[in-house]
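A short write-up of the structure that comes next.
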Amino acid sequence: MSVSSIDVALFKRMVINGAINLKNNSEEVDRLNVFPVPDGDTGTNMSMTVTSGIRELEACESSSIIDNAKVLSRGALMGARGNSGVILSQFFRGLYVGLKEIPHNYLSIEDFTNCLQSGCEIAYKAVMEPVEGTILTVIREAITAVKASSFETIDDLLTCYLTAAKKALDNTPNQLPVLKEAGVVDSGGAGFVKIVEGMDLALKGEILVASDVNAQSQETKKPVEDIKFLYSIDFVLELKKPDQFVEKELKAALSLLGDSLSVSREENQVKAHINTNRPGRAIEISQKQGEFLSLKIDNRKVQVMNNNSDAAKAVVETPVSEPKKDFALVAVCFGEGIVSTFKELGVDYVIEGGQTMNPSTEAFVEAIKAVNAKNVIIIPNNSNVVMAAKQAAGMVDGVNVAVIKAKTIAQGYASLVNYNPEASLDENVEAMTAQIEAVTSGELTYSIRDTEIKGVKITSGDYMGISNGEIIVSTAKKDDALRSLLSKIITEESAVVTLFCGKDVTPEEMKAAETMCLDVNSDIDVELIEGKQDIYSYIIAVE
Numbered sequence: 000m001s002v003s004s005i006d007v008a009l010f011k012r013m014v015i016n017g018a019i020n021l022k023n024n025s026e027e028v029d030r031l032n033v034f035p036v037p038d039g040d041t042g043t044n045m046s047m048t049v050t051s052g053i054r055e056l057e058a059c060e061s062s063s064i065i066d067n068a069k070v071l072s073r074g075a076l077m078g079a080r081g082n083s084g085v086i087l088s089q090f091f092r093g094l095y096v097g098l099k100e101i102p103h104n105y106l107s108i109e110d111f112t113n114c115l116q117s118g119c120e121i122a123y124k125a126v127m128e129p130v131e132g133t134i135l136t137v138i139r140e141a142i143t144a145v146k147a148s149s150f151e152t153i154d155d156l157l158t159c160y161l162t163a164a165k166k167a168l169d170n171t172p173n174q175l176p177v178l179k180e181a182g183v184v185d186s187g188g189a190g191f192v193k194i195v196e197g198m199d200l201a202l203k204g205e206i207l208v209a210s211d212v213n214a215q216s217q218e219t220k221k222p223v224e225d226i227k228f229l230y231s232i233d234f235v236l237e238l239k240k241p242d243q244f245v246e247k248e249l250k251a252a253l254s255l256l257g258d259s260l261s262v263s264r265e266e267n268q269v270k271a272h273i274n275t276n277r278p279g280r281a282i283e284i285s286q287k288q289g290e291f292l293s294l295k296i297d298n299r300k301v302q303v304m305n306n307n308s309d310a311a312k313a314v315v316e317t318p319v320s321e322p323k324k325d326f327a328l329v330a331v332c333f334g335e336g337i338v339s340t341f342k343e344l345g346v347d348y349v350i351e352g353g354q355t356m357n358p359s360t361e362a363f364v365e366a367i368k369a370v371n372a373k374n375v376i377i378i379p380n381n382s383n384v385v386m387a388a389k390q391a392a393g394m395v396d397g398v399n400v401a402v403i404k405a406k407t408i409a410q411g412y413a414s415l416v417n418y419n420p421e422a423s424l425d426e427n428v429e430a431m432t433a434q435i436e437a438v439t440s441g442e443l444t445y446s447i448r449d450t451e452i453k454g455v456k457i458t459s460g461d462y463m464g465i466s467n468g469e470i471i472v473s474t475a476k477k478d479d480a481l482r483s484l485l486s487k488i489i490t491e492e493s494a495v496v497t498l499f500c501g502k503d504v505t506p507e508e509m510k511a512a513e514t515m516c517l518d519v520n521s522d523i524d525v526e527l528i529e530g531k532q533d534i535y536s537y538i539i540a541v542e
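Here you go:
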């Protein structure tokens with residue numbers, strides 16, 4: 000089937016198919032993490048970003064392709080997570096910018112080329128210092144190949160775009176030595192290719208359905224508090240236009256909302272089941288096809304729990320009607336003990352997440368609004384959270400928002416020492432940044448694969464010591480790895496060492512860790528905090 004233009008229906012099918020293809024392959028993309036640490040989340044972040052846009056797209060009643068592109072852009076922007084997710088959201092914004100002035104309600108070959116070019120340009124603008132060998136390179140080289148050729152059909156154009164994107168992705172290890180050393184391609188670029196692959200399949204008439212991960216059969220083994228999707232929906236629908244109904248398209252649309260999906264048709268009726276956290280959206284999508292003959296919604300938990308994946312929680316919720324306070328602090332943290340510590344040090348609003356669940360732009364927007372302050376300082380505590388925080392900083396009117404350069408929990412913790420609510424915003428940013436630069440960060444975690452990074456040979460299952468983002472030691476035993484790490488990051492000039500101890504650390508191990516610190520420098524003060532974080536046995540701040 001050859002296509003010479005893209006109408007609204009095809010535009011939706013292509014983007015939805017792209018989102019589903021990424022979701023179905025997100026674990027594969029996650030595994031492309033350069034560091035062999037079990038917190039790779041690029042595929043998940045990008046999937047959640049585009050899925051946020053798809054939810055708005057599916058709800059759009061307009062027949063205008065411009066309106067549909069606009070809501071897709073807005074949804075992706077608010078749902079953007081992680082650096083690759085933010086770049087992806089800006090790509091979709093670029094698509095909208097590229098078509099918002101077209102006088103007709105379809106995309107010609109020229110229009111589609113312009114949109115892809117606009118997506119590339121705006122994605123690049125989102126990054127202050129673009130690096131080659133990343134998702135940006137894949138996006139740029141794909142559109143460069145398209146502009147160097149001419150096409151008779153959209154099919155040929157997209158085939159060229161996809162081929163060039165794959166070629167660029169395969170070449171990323173040659174542009175970024177760290178990728179070659181780790182034996183992986185760029186994860187953000189890989190996620191983007193999965194989206195384009197799905198779009199290409201839609202053009203060929205292949206409609207995908209999101210696969211269930213740990214679906215119903217496995218979920219029954221979980222404790223009730225671990226149930227991922229709260230509502231169970233069952234319905235029977237009488238089709239209003241049976242001849243036009245496409246079962247795969249309904250399944251595709253619903254599959255992004257949850258799991259345990261089943262859709263079956265018998266003559267003019269459709270029977271379906273899905274577990275979801277968005278029952279209203281599932282009903283809205285289905286109702287477009289006809290009239291409900293029966294509809295049942297069950298709460299799958301004994302008590303209703305907050306299943307918001309951003310887990311944004313206000314420490315103090317101030318009514319909007321109250322006057323704004325001068326200052327507020329917002330921080331991203333993970334681990335019960337770490338969260339409590341940041342609250343005790345004066346953080347007004349904690350967004351729980353960061354290491355394995357990067358919060359969305361919308362989570363930061365909600366936090367900025369919730370603290371009801373004239374000046375807000377955001378402490379990201381993770382390098383992959385900074386772009387979403389900065390994107391949100393410009394989206395709330397009437398508030399001065401600064402994002403400090405805290406890329407680790409240790410840096411964020413140290414920065415709070417220099418926070419002064421009596422000082423100006425600029426003075427606080429300068430003082431907190433200075434403290435960040437004075438702290439040495441350390442983490443101890445385990446490896447999930449064999450690799451070698453900057454001369455350090457790593458075996459799957461090893462414990463790795465990381466200092467300021469660089470793996471400096473890898474050994475089979477936890478205590479050996481910790482001892483070696485501490486000997487490298489504690490110096491004669493060090494005064495204070497703070498250890499946030501993970502869930503796997505016993506009281507005996509905590510005491511032994513303190514002794515190790517004093518063995519390196521007997522004059523330092525050692526502070527032990529039960530951080531209760533996952534993945535990282537120890538998070539260390541040396542000042």
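Under numbering that gives the first Met the number 0, think of the first position of the sequence shown as 0, with each following residue one higher.
All C-beta atoms, glycine included, are put in the ideal place defined by N, C-alpha and C.
Contact annotation, residue 82 with residue 463: C-beta distance approximately 22 Å; criterion of less than 8 Å not satisfied.
Residue 514 counts as exposed, since fewer than 16 other beta carbons sit within 10 angstroms of its beta carbon.
Per DSSP, the continuous beta strand (DSSP E) segment holding residue 463 begins and ends at 462–466. In the three-state DSSP reduction, residue 487 falls in the helix class (H, G or I). A buried status is given to residue 381, since no fewer than 16 other beta-carbon atoms sit within 10 Å of its beta-carbon. Across the set 492, 458, 522, 444, the C-alpha of 444 shows the shortest separation from the C-alpha of residue 484. Taking one beta carbon from each stretch, the region 324–340 and the region 367–378 have 3 or more pairs nearer than 8 Å; the two touch. Cβ neighbours of residue 430 within its own chain (closer than 6 Å, five residues either side excluded): 417. For the set 107, 170, 180, 321, the Cα lying nearest the Cα of residue 455 is the one of 180. In the structure shown, residue 57 adopts helical secondary structure according to DSSP, grouped into three states.
Inclusion of residue 107 and residue 78 in the CB contact set at 7 Å is not warranted, their separation being larger than that value. In the three-state reduction of the DSSP assignment, residue 111 falls in the helix class. Counting along the chain, the unbroken alpha helix (DSSP H) around residue 160 starts and ends at 153–174. Annotation: the continuous beta strand (DSSP E) that includes residue 324 extends over 324–332.
Under the three-state reduction of DSSP output, residue 40 falls in the coil class, being neither helix nor strand. Three or more beta-carbon pairs separated by less than 8 Å are not found between the region 529–537 and the region 386–401, which leaves the two stretches without contact. When DSSP states are grouped into helix, strand and coil, residue 523 belongs to the coil group. When rounded, the separation of the alpha-carbon atoms in residue 133 and residue 122 is 12 Å. Three or more beta-carbon pairs drawn from the region 284–297 and the region 225–240 are found closer than 8 Å, and the two stretches are therefore classed as touching. Contact between the region 94–108 and the region 63–80 is present, with at least three C-beta pairs closer than 8 Å. Checking the DSSP bridge columns, you'll see residue 269 partnered with 236, 264. The continuous beta strand (DSSP E) containing residue 373 extends over residues 372–378. Residue 494 is not a Cβ neighbour of residue 412, given a cutoff of 7 Å. Contact check for residue 535 against residue 442 passes: the beta carbons are separated by less than 7 Å. Looking from the CA of residue 261, the closest CA among 32, 209, 148, 476 belongs to 209. The beta carbon of residue 269 lies closer than 6 Å to those of 236 in the same chain, with the five residues before and after it left out. Nearest to residue 157 by C-alpha distance, out of 190, 26, 114, is 114. Taken through DSSP and simplified to helix, strand or coil, residue 136 comes out as helix.
In this structure residue 198 is in contact with residue 17, their Cβ atoms being roughly 4 Å apart against a cut-off of 8 Å. Linking residue 357 to residue 69 through their CA atoms gives a straight-line distance of about 24 Å. Counting only the Cα atoms, residue 6 lies some 7 Å from residue 104. Taking the Cβ atoms as the reference, residue 194 lies roughly 25 Å from residue 36, outside the contact range of under 8 Å.
Leaving aside the five residues that flank residue 273 on each side, the residues in its chain whose CB is nearer than 7 Å to its CB run, in chain order, 232, 253, 256, 257, 259, 260, 281.
Beyond the five residues adjoining it in sequence on each side, residue 44 comes within less than 7 Å, by CB distance, of 80, 81, 83, 84, 357 in the same chain, given in chain order. Counting along the chain, no alpha helix (DSSP H) covers residue 503, and no H or E run does either. Residue 258 sits in a strand when the DSSP states are folded into three classes.
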